[in-house]
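Counting from 4, one number per residue, gives the positions in the sequence shown under the working numbering.
Glycine residues also receive a C-beta, built at the ideal position from the N, C-alpha and C atoms.
On a predicted model such as this, the values are computed, not experimentally measured, just so you know.
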Amino acid sequence: MKSAVSTPLDKIAKPLLKWFRARARSLPWRDDPRPYYVWVSEIMLQQTRVTAVLPYFSRFIAALPDVRALAAVDDDALMKLWEGLGYYSRARNLKKAAALITEQYGGKIPRDFDSLLSLPGVGRYTAGAIASIAYGQRIPAVDGNVLRVVSRLTASPDDILRDATKRSMENALAEIMPKDAGQFNQAMMELGALVCLPRAAHCEECPLASLCRAHAEGLENELPVKTAKKERRIETRTVLLIEQHGKFAIAKRPKRGLLAALWEFPNLSGEKKRGEILALCKNAGLSPKSVRRMKAARHIFTHIEWQLTGWHIRLSDDAEQVGEARSAYGNSPLPPLTWATSRELSETYSIPTAFKAYMP
Ligand code: SF4
């Protein structure tokens, strides 16, 4: 079936590939596009920029060089390798998929699109990227960058957040996909990342300028059409940095939901005042030597924004350390606590970036 996109995309492959060969950035997963590297890098690159991913990728590959090593990694070690990248479910899905690949495919990442798509954390874009870049198959890989480029090239009035638009653009690209599909897909992404930028298209340096409808019609910065996103929910929270005997209290988050199973500093819903903090300490059986307000911080997730205030609570070193035995404190408002030195906080436990402002 012919796609609904009507512009002659069929002319873009040649100039685009020529530009890509001259301009492509050297990246470890590009210089050595083995399936495992392509897969791990594509998962890291979801929601994260190339420059931020580079050191994480090298560290990850050094620690977990193949699918079997990833399938066998301890959860805390995995979270430590991912610490700071955010969207931790990506790492958990990588491990789940690695276990499945080990069991069902003998540790070899499958080639076929549908098998790739059935792996945890792998959507149409990632499956297309692995199939084309690592295995040379003529399958499009359409991410946000590519949707923007196609929308502009074709001056499409369609909303790129709609699935129907994504499918239609995917079909249009499948029809014109050249033999070196992996290079073509990467070139489209690269053009979107370096030239056809979201806020300002650099048409003067674009190899496709003479073919681009948005450029011809002066619409480059009006496109693509996107429906307004839902506003983020704002949550205020109060973070407690509780210190005693040179150690700091941390607690493990629930196994499900936001930042699942990661470590955090104890924190409470709402912005608490000094009196409330003192009352909480009393209820929890803690005797603070000092309670000091810390700076405010903010962390933005996809759908939620945390507005944080913090309190540094120093407990008397004479008192016994509050252990994991929460029952010792009756109905304590605090979760079971684990104590860690500042070195352990940075080297052993994975504390999400959301709490970084309160790291001792
Ligand atoms: S000519 Fe401009 S708008 Fe068109 S693809 Fe190139 S950079 Fe994007």
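Per the Cβ contact rule, the stretch 244-251 is not in contact with the stretch 212-232 (fewer than 3 Cβ pairs under 8 Å).
According to the DSSP assignment, residue 295 belongs to the beta strand (DSSP E) that extends over 291-303. Going by beta carbons, residue 23 and residue 190 fall inside the 7 Å limit.
In the three-state scheme derived from DSSP, where H, G and I count as helix and E and B as strand, residue 343 is classed as strand.
Between residue 269 and the set 336, 195, 59, the nearest pair of CA atoms involves 336.
DSSP places residue 147 in the uninterrupted alpha helix (DSSP H) bounded by 147-156. A check of alpha carbon separations from residue 212 across 156, 192, 241, 172 identifies 156 as the nearest. DSSP, reduced to helix, strand and coil, places residue 189 within a helical segment of the structure shown. One thing to note: residue 123 has its Cβ within 7 Å of the Cβ of residue 99. Within the DSSP bridge table, the entry for residue 162 names 228 as partners.
Distance from the CA atom of residue 13 to the CA atom of residue 145, rounded to whole angstroms, is 16 Å. A residue is called buried when at least 16 other Cβ atoms come within 10 angstroms of its Cβ; residue 186 meets this threshold and is buried. Looking at the DSSP output, residue 255 shares a beta bridge with 266. Here DSSP, grouped into helix, strand and coil, assigns residue 111 to coil. Per the coordinates, the alpha-carbon of residue 101 lies some 50 Å from the alpha-carbon of residue 278. In the three-state reduction of the DSSP assignment, residue 204 falls in the strand class. Residues lining ligand 1 by the Cβ criterion, that is a Cβ closer than 7 Å to any of its heavy atoms, are 152, 155, 156, 194, 198, 199, 204, 205, 206, 209, 211, 212, 215, 217, 218, 223 in chain order. The three-state reading of DSSP puts residue 238 in strand, counting E and B together. The continuous alpha helix (DSSP H) containing residue 218 extends over residues 216-219. Excluding sequence positions up to five before and after residue 223, its CB lies within less than 7 Å of the CB of 155, 204, 206, 217, all in the same chain and listed in chain order. Counting of Cβ neighbours within 10 angstroms places residue 319 among the exposed residues, the total staying below 16. Counting along the chain, no alpha helix (DSSP H) covers residue 223, and no H or E run does either. For residue 71, the enclosing alpha helix (DSSP H) stretches over residues 70-75. Per DSSP, the beta bridge partners of residue 199 are 204. Excluding the 5 residues flanking it on each side, residue 196 has same chain C-beta neighbours closer than 8 Å at 53, 148, in chain order. Secondary structure note for residue 131: its alpha helix (DSSP H) is the uninterrupted segment 127-132.
Rounded to whole angstroms, the gap between the alpha carbons of residue 243 and residue 321 is 20 Å. With contacts defined by Cβ atoms closer than 7 Å, residue 110 and residue 71 form a contacting pair. In this structure, DSSP gives residue 28 a state outside helix and strand, which the three-state scheme calls coil. Counting C-beta atoms within 10 angstroms of its own C-beta, residue 151 has 16 or more neighbours from the protein chains shown and is therefore classed as buried.
Cβ atoms of residue 254 and residue 274 stay farther apart than 8 Å, at about 20 Å.
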